[in-house]
Amino acid sequence: MAKQRLTALDIRAVITSCKKLVVGSVVTNIYNISNKIYVLKCSKKDEKYFLLVEVEKRIHITEWKREKNVMPSAFTMKLRKHLRSRKITNITQLGGDRVVDIQFGYDDNACHLVIEFYVDKIK
Numbered sequence: 002m003a004k005q006r007l008t009a010l011d012i013r014a015v016i017t018s019c020k021k022l023v024v025g026s027v028v029t030n031i032y033n034i035s036n037k038i039y040v041l042k043c044s045k046k047d048e049k050y051f052l053l054v055e056v057e058k059r060i061h062i063t064e065w066k067r068e069k070n071v072m073p074s075a076f077t078m079k080l081r082k083h084l085r086s087r088k089i090t091n092i093t094q095l096g097g098d099r100v101v102d103i104q105f106g107y108d109d110n111a112c113h114l115v116i117e118f119y120v121d122k123i124k
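In the numbering used here, the protein residues as written are 2 to 124.
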């Protein structure tokens with residue numbers, strides 16, 4: 002059975018749902034589960050959210066109770082350096098594509114994490 006991939010419509014629905022929860026929250030940490038799965042720990046007031054991003058496959062809010070790597074990858078350390086303690090100001094889908102833009106901060110100080118959900122090979 003072939004694995005299902007998120008369609009552009011699926012991504013639109015997920016982003017709409019995530020936007021309500023995580024926009025306005027602050028990234029308190031970033032973890033990598035594998036070289037393609039990352040979790041952004043976000044907090045807003047007394048609430049915590051875990052935004053799971055699996056490159057090429059999925060993005061969603063989760064109740065993260067998984068084992069994390071003891072030593073973060075170099076890419077995770079780079080993400081932490083630039084995104085930790087930054088406020089998520091917007092999450093958008095770029096056009097009708099399967100691309101998501103997570104914006105941190107505003108104007109000249111804004112950072113963007115752009116995630117593509119394209120598949121290079123169909124099996």
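C-beta atoms are modelled at their ideal positions from N, C-alpha and C, and glycine is treated no differently.
Assigned exposure category for residue i - 16 Cβ within 10 Å defines buried
i: Leu10; result: exposed
i: Ala3; result: Only weak support exists for where Ala3 lies, its pLDDT of 48 falling under 50; the value from the coordinates is given anyway. It is exposed - the Cβ of Ala3 has fewer than 16 other Cβ atoms within 10 Å.
i: Tyr39; result: buried
i: Ser26; result: buried
i: Tyr32; result: buried
i: Leu114; result: buried
i: Cys112; result: exposed
i: Val54; result: buried
i: Thr1; result: Missing from the structure shown is residue 1; the chain here goes from 2 to 124 and no further.
i: Leu95; result: exposed
i: Phe118; result: buried
i: Phe76; result: exposed
i: Val71; result: exposed
Beta-ladder partner(s) of residue i, from DSSP
i: Lys79; result: Paired residues: none, contrary to the question.
i: Val28; result: Cys43
i: Arg59; result: Glu55
i: Lys88; result: Val27
i: Asn33; result: Tyr39
i: Leu114; result: Ile103
Residue span of the alpha helix (DSSP H) that contains residue i, given as start and end
i: Val23; result: 9–23
Residue span of the beta strand (DSSP E) that contains residue i, given as start and end
i: Asp102; result: 100–105
i: Glu48; result: 48–55
Any non-hydrogen atom of the ligand MG within 8 Å of residue i CB
i: Thr93; result: Of ligands this structure carries none, so the ligand MG is not represented either.
Assumed close pair residue i, residue j - CB separation to whole angstroms, cut-off 8 Å
i: Asp102; j: Thr90; result: The pair is not a contact, with the Cβ atoms about 11 Å apart (cut-off 8 Å).
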